[in-house]
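K.L.:
For the sequence shown, position 79 matches number 79 in the numbering used here, and the numbering has no gaps at all. Glycine is no exception: its CB is placed at the ideal position from the N, C-alpha and C atoms. Mind looking over this structure? Questions follow.
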Amino acid sequence: MTQPATDSHEQPQSYPPPADLAAGAVATAALYEEAAADRLAFWGRQAAELLTWDTAPTQVLDWSDAPFARWFADGKLNAAANCVDRHVAAGHGDRVALHWVGEPGDTLTVTYADLHEQVQRAANALTELGVRTGDRVAVYLPMVPEAVVALLACARIGAPHSVVFSGFSAQALRDRVDDAQAVAVITADGGYRRGEPAPLKPAVDAALATTGPDGADRAPSSVKAVLVVRRTGGEVAWTEGRDHWWHEALEAASAVHEPVSVEAEHPLFVLYTSGSTGKPKGILHTTGGYLTQAAYTHRNVFDLHPETDVYWCGADIGWVTGHTYIVYGPLLNGATSVMYEGTPNTPTQDRWWQIVETYGVTKLYTAPTTIRTFMKWGEELVSGHDLSTLQVLGSVGEPINPEAWTWYRRVIGGDRTPVVDTWWQTETGGIMISALPGVTSLKPGSAQVPLPGIGVEVVDDEGRVLPAGHEGAGYLVLTEPWPGMLRGIWGDDERYRDTYWSRFRDQGWYFAGDGARRDADGDVWLLGRVDDVMNVSGHRISTTEVESALVSHPSVAEAAVVGASDPTTGQGIVAFVILRESAHGADAAAVGKELRDHVAREISPIAKPRQVLVVTELPKTRSGKIMRRLLRDVAEDRQVGDVTTLADSSVMASIQAGMRSGK
Ligand code: WT7
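Structural data, given as C-alpha cells:
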C-alpha cells in the first residue's frame, strides 16, 4: 500500500463530510473531546446509554489482573433481550429487523416481533435438548435468518456460541467442536451457493462420526444434539436421538422464555481465527463490554438512524464482521438490515445493486476484495440501478487501495457518499480505527484515526512511538484496554499472553500483528500483517495451517507457503512443495490440481493455493528455518533479495528456473 503522491486523476485528496450528513450526524467532534477528557467515564456513559442493564454497573474497568480485563463487572444483562425484547417493549415490534433475500429469489421479512417469538422458542428448544447456561453451542449455518435466531437463542440462555464458517471442512468443524467442547451443533440440510443447493449436513455427520477420515476409530465428540434447519429440502442422513429438525423443535417449544440475566463478563461467544501457528485460536468475547462496543461503533461509524436507515453488511455470519455488524451491532441499535444468502454474481453480476435498489439501502459495509471484483466486472452493471439512497459506505478486512476507494465512492456512492475504512480484528470485537462520516475529512487509502475512546500508536521494534510523518513502517499497537477486547484464547491463557502482550510487555501494549505508518497529518496507514498470517479476500489464513494440510497429502514431503500480492484478493496463496520419491515423475499440473483440491477439503476452498510449484529444495537458513521472504520474491516475480544467510545459495536459482519453466 502506498500513499497517493500526486493528484493524477484530478481527484481531490481529501473529502470533507457532506453538509447535510454532518448536520444530522449522531456523532460530532464533541465525542473526541469527551473521550479525551475522561476515557473511562466516556465508556461508562456509552454502556449506560446504549444498553439496558438488569443491574446497572458501578465499575467501568478492572485492569488489576492485566492482560485479563473486566469491564462493567458488577453489571448484569442479557444480550438477546438487548437486541430484541427492549425494542418490542418500546413499541417497535412491527419494525423490520431483517429483509432477508435468498439466493434463488425467495425473500422473507422478519420484524422485531417475529424475532422475539422465534428467539424465545429457540431458547426453549435448546433448553429442552439439555443445553445449559455456560455450555458451548457450535453454529454451522449458511446465511439464513435462522442463523441470527440461533445466535440470539444461545445468548438468551447464556450458552456461548461458537460459529464455524459454513465453508469450512468437516475436519475444521471437528477441531473447533473439540476445542470448545460444544454440546450441540446447529446446522442446516444445506444452503444455496452459486445457483446450486450445497449440502451441509454431511459435513456435520462426518465431523461427529466415531470413524475418522482415515477409517480409524476415534473418540465420540462432546456433541449430544444436532438441530437441523431445513433450507434446501435435500435428503439428509439422520442419527436418531441426536438429530432434530429445527422447525419441529421450535414448533413444539413454548413461545415464552425468560432471558437469563448474566454477569457482564459472562462469555458471549468463542470465534476461531488463524494465528501464526497451525492451531486456530478460540477468541473469547464476553457480554457487557463487547455489546457496548458493538452498539457504539455501529451507531457512530455508520451514522445510524434506526427509524429511517436500511443497513446492509455483506459479510458472512461465520466471521467476526457477521457477528458484530450483522447480528449484535444492528440489532442492539434497533436497525433494519438486509441479509443476503448467496454470491454476488448469482444469477447475474448486478445482484447486489438490484438488492440495494429494491430495499433502498442507505448504509453498505463490505470488503475491498469485493469492491475490486465489482471493478473488474465493470461499472455498466451498476449504472442501470438507482443507488441514490446510499449515504455511507464502509470497508473492512484489508487495506483498501486508493483506486478501489475512489471507485467505490464514485460508482457506488454516486460521488456523494463518505467511504469509511474500518480497521479492527476478531480479537478487538469491534471497529477500532475509522473516520466518523459526519466529522472526518476522508483520505483514500488510510484508515485514519482511532475512534473516540480507543488508544492507538505506531511504534518501532523497541516500542518507541514513531512521530507523525516518520518515513518507514512500524507496528500498530493498542495502548489502552477497550470494552470489546478479547478476554483470552479459549483454554489457553499462556498463548493469549504470548501472542498479544509479550511483544511490548514493558509498555503494557497490545500487539496487533499489523505493520503501519503515520503520515504527516497523523493519519494511520495499515501495511498488512507482519507475522505468518496471510490475508486472502479479507480472511485470515496461517501459512502453517496450509503447510500442514499440504504435508498431510501422501505425495508431499515438504511444503512452504507464502501470501503473494494479488490484484483482486489482496493476497493469493502460493505453495512450494517437495514431492516424495513415490510421486516423482508425476504430471506437475495434475499434482498441482490434486494438492489444491486437497487443501480445499482439509481446510476450506478459501485456503486453496492460487498456485502450487513443485521444487526440489526450499531456501533455508543454516538453522533450518524456511526463508519465506525469498519465496515471496519469487511468487511476486521480483528480484530475489539477500540470500547470504541461506545454507545453500544455489537453491533460489533452481526455484526461479522452475518457476519460469512452469509458466
Ligand atoms: C486483520 C484482522 C475485522 C474484521 C475482518 C477481518 C486486517 C482488517 C483492515 C483495514 C487494513 C485490515 C488486519 C487485521 N484488516 N481490517 N481496514 N485495513 N487491514 O478480521 O480475520 O480478525 O483479520 O485483517 O491485518 O489484523 P480478522
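Quick one, which of P368, R299, T499, L141 has its alpha-carbon nearest F318's?
P.N.:
Contrary to the premise, residue 318 reads as Gly rather than Phe in this sequence. When only C-alpha atoms are compared, the closest one is L141.
K.L.:
Put S650 into one of helix, strand or coil per three-state DSSP.
P.N.:
If DSSP states are grouped into helix, strand and coil, S650 belongs with coil.
K.L.:
Can you give me the C-alpha to C-alpha distance between D7 and G658, rounded to a whole angstrom?
P.N.:
The pLDDT assigned to D7 is 40, lower than 50, so where the model puts this residue is not dependable; a value taken from the coordinates is nonetheless given after this. Distance between the alpha carbons of D7 and G658: 41 Å.
K.L.:
Which one or two residues does DSSP pair with C313 in a beta bridge?
P.N.:
C313 pairs with Y365.
K.L.:
Does the beta-carbon of L526, which I'm using as the reference point, lie nearer than 6 Å to any heavy atom of the ligand WT7?
P.N.:
It does: the Cβ of L526 is within 6 Å (strictly closer) of some heavy atom of the ligand WT7.
K.L.:
Taking its Cβ as the centre, do 16 or more other Cβ atoms sit within 10 Å of A5, making it buried, or is it exposed?
P.N.:
Only weak support exists for where A5 lies, its pLDDT of 37 falling under 50; the value from the coordinates is given anyway. Exposed is the call here.
K.L.:
Looking at the unbroken alpha helix (DSSP H) that takes in P554, where does it start and where does it end?
P.N.:
Taken as a continuous stretch (DSSP letters only), P554 belongs to no alpha helix (DSSP H), as it is neither H nor E.
K.L.:
How long is the line joining the alpha carbons of L291 and E457, rounded to whole angstroms?
P.N.:
Going from the Cα of L291 to the Cα of E457 covers about 25 Å.
K.L.:
Can you say whether S221 is buried or exposed, counting buried as having 16 or more other CB atoms within 10 angstroms of its CB?
P.N.:
Counting Cβ neighbours within 10 Å, S221 comes out buried, since at least 16 surround it.
K.L.:
From which residue to which residue does the alpha helix (DSSP H) around L595 run?
P.N.:
Looking at the DSSP string, the run of the alpha helix (DSSP H) that includes L595 is 588-602.
K.L.:
State yes or no: is the C-beta of S337 within less than 7 Å of the C-beta of Y311?
P.N.:
Contact flag set, yes.
K.L.:
Taking just the CA atoms, how far does G190 sit from G233?
P.N.:
Approximately 8 Å, taken between the alpha carbons.
K.L.:
Buried or exposed for V131, please, with buried defined as at least 16 other CB atoms from any protein chain shown within 10 angstroms of its CB.
P.N.:
When all chains shown are included, V131 counts as buried.
K.L.:
Indicate, with yes or no, if the ligand ZN has a heavy atom lying under 6 Å from the CB of Q425.
P.N.:
Within the structure as shown, the ligand ZN is missing, the only ligands being the ligand WT7.
K.L.:
Less than 8 Å between the CB atoms is what I'm expecting for Q571 and A512, so what's the real figure, rounded?
P.N.:
That belief does not hold up - the Cβ atoms of Q571 and A512 are roughly 17 Å apart, past 8 Å.
K.L.:
For V724 and L630, what's the separation of their Cα atoms in angstroms?
P.N.:
This structure leaves residue 724 out entirely; the chain is present only between 1 and 663.
K.L.:
Please list the terminal residues of the continuous alpha helix (DSSP H) segment that includes S383.
P.N.:
Run containing S383: 380-383, per the alpha helix (DSSP H) assignment.
K.L.:
Measure the C-alpha to C-alpha separation of G105 and H385 and round it to an integer number of angstroms.
P.N.:
So the two alpha carbons sit approximately 18 Å from each other.
K.L.:
Suppose only complete runs of 4+ residues qualify. What are the alpha helix (DSSP H) ranges in the stretch 315-376, listed by chain order?
P.N.:
Complete alpha helix (DSSP H) runs here, min 4: 329-332, 351-359.
K.L.:
Would you report the Cα separation of G592 and R580, rounded to the nearest angstrom?
P.N.:
Taking the straight line from one Cα to the other gives about 14 Å.
K.L.:
When DSSP labels each residue in this structure, what does R218 get in the three-state scheme?
P.N.:
If DSSP states are grouped into helix, strand and coil, R218 belongs with coil.
K.L.:
Rank Q118, D498, H598, V524 by C-alpha distance to the C-alpha of P554 and give the top, closest one.
P.N.:
Taking only the C-alpha atoms, the option nearest P554 is H598.
K.L.:
So does R218 have its beta carbon nearer than 6 Å to some heavy atom of the ligand WT7?
P.N.:
Result no, Cβ not under 6 Å from the ligand WT7.
K.L.:
For A69, name the three-state secondary structure that DSSP assigns.
P.N.:
Here A69 sits in coil by DSSP.
K.L.:
Could you say which of L527, P481, W509 lies nearest to A516 if we only look at CA atoms?
P.N.:
Here the closest residue by C-alpha is L527.
K.L.:
Here's the rule I'm using: 16 or more other beta-carbon atoms within 10 Å means buried, otherwise exposed. How should T2 be labelled?
P.N.:
Low per-residue confidence applies at T2: pLDDT is 30, beneath 50, and the placement is therefore not dependable, though the value from the model is reported in the following sentence. It counts as exposed.
K.L.:
For I371 versus Y408, is the C-beta distance shorter than 7 Å?
P.N.:
Against a cut-off of 7 Å, the Cβ pair of Y408 and I371 comes out as a contact.
K.L.:
Kindly indicate which three-state DSSP category I606 falls into: helix, strand or coil?
P.N.:
In this structure, I606 counts as helix in the three-state DSSP scheme.
K.L.:
Please state whether DSSP places V163 in a helix, a strand or coil.
P.N.:
In the structure shown, V163 sits in a strand (DSSP, three-state: E or B).
K.L.:
Go ahead and label E602 buried or exposed: buried means 16 or more other beta carbons lie within 10 angstroms of its beta carbon, across all protein chains shown.
P.N.:
By the 10 Å Cβ count, E602 comes out buried.
K.L.:
Between which two residues does the alpha helix (DSSP H) holding W423 run?
P.N.:
Looking at the DSSP string, W423 is not in any alpha helix (DSSP H), and its letter there is neither H nor E.
K.L.:
Would you identify the three-state DSSP class for N401, choosing helix, strand or coil?
P.N.:
Three-state result, N401: coil.
K.L.:
Beta-carbon separation of G484 and D303 under 7 Å?
P.N.:
Cβ atoms of G484 and D303: not closer than 7 Å.
K.L.:
With 16 other CB atoms within 10 Å as the buried threshold, where does Q448 fall?
P.N.:
It counts as buried.
K.L.:
Quick check: does the Cβ of V320 come within less than 6 Å of any heavy atom belonging to the ligand WT7?
P.N.:
Flag set: Cβ of V320 near the ligand WT7.
K.L.:
In whole angstroms, give me the CA-to-CA distance for D532 and S542.
P.N.:
Roughly 6 Å between the two C-alpha positions.
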